[in-house]
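Here the structure comes first, spelled out in structure tokens, and everything after it is commentary.
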Amino acid sequence: MLDRVRSHLGWKIFLSYLFVIISGAAVLILAAELAIPTSFDRHMAGMSEMMGGMMESTPGRPNLSSSLFTSYRTAVREAVTWAALAAVLVAGLVSLLISRRVIRPVKEMMQASQHIAKGNYQERVSIPGDPLSADELSQLAISFNRMAEQLEKTETKRRQLIGDVTHELRTPLTTIKGSLEGLVDGVLTQEPGTYEQIHREAERLSRLVDDLQQISRVEAEAYSLDPQPVPVRDLLDTVRERLEIQFREKGVDLEFHIPGDLPPALADDQRMEQVLINIIGNALQYTPQGENVRVSVTRQKGALKFSVQDNGIGIAPEHLAHIFTRFYRVDKSRSRASGGSGIGLTIAKHLVEAHGGTIQAESPGPDQGSTFTFTLPTAG
Ligand code: ADP
């Protein structure tokens, strides 16, 4: 019984009410016992004076004042006892109602959390009371549902990531395995071309592992960002140096249009170099020989707007919304052959947003080129 009381919130509420009632009644009785005799005597003396000693005791007539006092005291005790009993009854009913209102949602949350712990992330609880005048319990239920929603999203992402990674790993592994089996069985001849293909696939695997490491670090925000004033021209010159050879080898021009009076950007230069290399590198990859890639920077309400425009293969409208999603590639076979795993833009988006900027892609359609724009805050 004691354990039941200890573990049941309803009983605890009832006992706390009972305690208040008993103390109230005890204080009332004590006060009555202490205060009533003196005040009663005073009032009786006053009345006796007014009635000319009628109330005084005489031989053969008991003292009227003392019998009045005894009756009065009994009446007060009776009244207090009945009032206390009625209060206990009301307390029982009220604590039952309150405990139901409190316990039901708490129990519901307890059960939901147990379901969530078992992996049922779609579990939600009902919000008690009127959501407009939300008390602490309703707020707890709202926060609980938010937490469950977040857990569900994280779980969906985790599943997607495992699915994506498995898919990405399978292709090169199948090729490597197939080639090696062909060599062992003698179906494939031991010539440099076969080994080169195995080597290419192994390289792609190792690039994929690097990409995965990068994306997991960026998505978990496990990297440091050190924004400093960075002159735009210096930033772009570094990027040009790093991509110069690839542009020259492919025969594509890289043009910069940077006004002389631009304020410096407030950015982590190494992270922004990575963003620019991902975007400009893509523009180079999807632009045919003899064409050009133009990078321009303009000033826009306390920010700098970078645009990377190419006249390459373009992007169809149905793909535009997805290209920042990890592992998304418009033409899977084409970019897989070129080594792209569809995470360059995902990383770029994370890094730009971490700087407080936004990024977007536009394209009039296939074969009509693409423009990638992103913003960065200016220093000061
Ligand atoms: P990848 O490593 O495959 O290039 P990204 O995340 O950098 O991955 O790009 C995702 C996809 O967006 C690419 O596979 C490609 O289909 C498309 N894309 C990116 N940049 C361009 C561009 N400049 N022109 C056309 N398509 C592009």
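Numbering-wise (numbering that gives the first Met the number 0), the sequence shown opens with residue 0 and increments by one. Ideal Cβ positions, reconstructed from N, Cα and C, are used throughout, including at glycine.
Quick one: is Met271 buried, meaning 16 or more other Cβ sit within 10 Å of its Cβ, or exposed? So Met271 ends up on the buried side.
Compare the Cα-Cα distances from Pro376 to each of Asp233, Gly9 and Gln227 and report the closest residue. For Pro376, the nearest C-alpha among the options comes from Gln227.
Which word fits Gln308, buried or exposed, when buried means at least 16 other C-beta atoms lie within 10 angstroms of its C-beta? The residue in question, Gln308, is buried, as its Cβ has 16 or more Cβ neighbours within 10 Å.
Using CA coordinates, which residue listed in Asp184, Arg72, Val351 and Ile279 is at the minimum distance from Gln245? Ranking the options by Cα distance to Gln245, first place goes to Ile279.
Taking 7 Å as the line, does the beta carbon of Gly313 fall inside it for any heavy atom of the ligand HEM? Within the structure as shown, the ligand HEM is missing, the only ligands being the ligand ADP.
Indicate whether Leu224 and Ile197 have their beta-carbon atoms separated by less than 8 Å. No; because the gap between Cβ atoms is not below 8 Å, this pair is not in contact.
Exposed unless 16 or more other CB atoms sit within 10 angstroms - verdict on Thr345: Per the 10 Å Cβ criterion, buried.
So, helix, strand or coil for Pro365, using DSSP? DSSP places Pro365 in coil when its eight states are reduced to three.
Phe373 - DSSP class collapsed to helix/strand/coil: DSSP places Phe373 in strand when its eight states are reduced to three.
Which of the three DSSP states is assigned to Phe305 in this structure? Three-state result, Phe305: strand.
Continuous alpha helix (DSSP H) stretch holding His318: start and end: Going by DSSP, His318 is part of the alpha helix (DSSP H) stretching over Pro316 to Leu319.
Per DSSP, which one or two residues make a beta bridge with Ala140? Checking the DSSP bridge columns, you'll see Ala140 has no partner listed.
Would the C-beta of Arg270 count as close to the ligand ADP, meaning under 7 Å from any of its heavy atoms? Flag unset: Cβ of Arg270 not near the ligand ADP.
Please state whether DSSP places Val124 in a helix, a strand or coil. Coil, per DSSP.
Environment of Tyr285 [buried if 16+ CB atoms lie within 10 Å]: Answer is buried; the Cβ neighbour count reaches 16.
Delimiting residues of the alpha helix (DSSP H) encompassing Phe39: Element bounds for Phe39: Leu8 to Met49.
Could you tell me the alpha carbon to alpha carbon distance between Gln269 and Leu275, rounded to whole angstroms? The straight-line gap separating the alpha-carbon atoms of Gln269 and Leu275 is approximately 10 Å.
Could you check how far apart the C-beta atoms of Leu204 and Pro171 are, in whole angstroms? I think they sit under 8 Å. 5 Å between Cβ atoms; contact.
Fully enclosed by the stretch 246-310, which alpha helix (DSSP H) runs are 4 residues long or longer? The stretch 246-310 contains these whole alpha helix (DSSP H) runs: 268-284.
For the stretch 348-362 and the stretch 230-250, state whether three or more C-beta atom pairs, one from each stretch, are separated by less than 8 Å. As far as the Cβ criterion goes, the stretch 348-362 does not touch the stretch 230-250, which means the pair count is below three.
How big is the Cα-Cα spacing for Gly368 and Thr357? Their Cα atoms are separated by approximately 21 Å.
Would you call the stretch 240-259 and the stretch 211-220 in contact, with 3 or more CB pairs under 8 Å? Because the criterion of three Cβ pairs below 8 Å is not met, the stretch 240-259 and the stretch 211-220 do not touch.
Comparing the CB of Arg328 with every heavy atom of the ligand ADP, is any distance shorter than 7 Å? Yes; taking the cut-off as 7 Å, the Cβ of Arg328 has a heavy atom of the ligand ADP nearer than that.
Kindly examine the ligand ADP and report whether one of its heavy atoms sits closer than 7 Å to the Cβ of Thr372. No, the beta carbon of Thr372 sits no closer than 7 Å to any heavy atom of the ligand ADP.
Can you grab the Cα-Cα spacing for the pair Ser125 / Lys176, in whole Å? Rounded to whole angstroms, the gap between the alpha carbons of Ser125 and Lys176 is 53 Å.
Range of the contiguous alpha helix (DSSP H) that encloses Val389: Any answer about residue 389 is impossible in this case: the structure gives the chain only from 0 up to 379.
Is it the case that the CB of Asn277 approaches a heavy atom of the ligand ADP more closely than 7 Å? Yes, the Cβ of Asn277 comes within 7 Å of a heavy atom of the ligand ADP.
Looking only at its chain, what residues have a beta carbon closer than 7 Å to the beta carbon of Ala266, apart from the 5 residues adjacent to it on each side? So the qualifying residues of the chain are Pro226, Val229, His354 and Leu375.
Do the stretch 183-194 and the stretch 144-158 meet, that is, are 3 or more Cβ pairs less than 8 Å apart? These segments do not touch.
With a threshold of 16 other CB atoms inside 10 Å of the CB of Ile312, please say whether the residue is buried or exposed. Ile312 sits buried, since 16 or more C-beta atoms from the chains shown fall within 10 Å of its C-beta.
Return the chain-ordered ranges of every beta strand (DSSP E) run that is complete within the stretch 175-250 and spans a minimum of 3 residues. Those beta strand (DSSP E) runs which fall completely within the stretch 175-250 and span 3+ residues are 227-229.
Relative to the ligand ADP, is the shortest distance from any of its heavy atoms to the C-beta of Thr170 smaller than 7 Å? False, no ligand heavy atom lies under 7 Å from that Cβ.
Based on DSSP bridge pairs, tell me the residues matched to Gln359. DSSP, once it has assigned bridges, lists Thr372 as partnering Gln359.
Mapping DSSP to helix, strand and coil, what is His354? Three-state DSSP puts His354 in coil, outside helix and strand.
Between Glu243 and Ile141, what straight-line distance do the alpha-carbon atoms span, to the nearest angstrom? Cα atoms of Glu243 and Ile141: separation of roughly 54 Å, rounded to the nearest angstrom.
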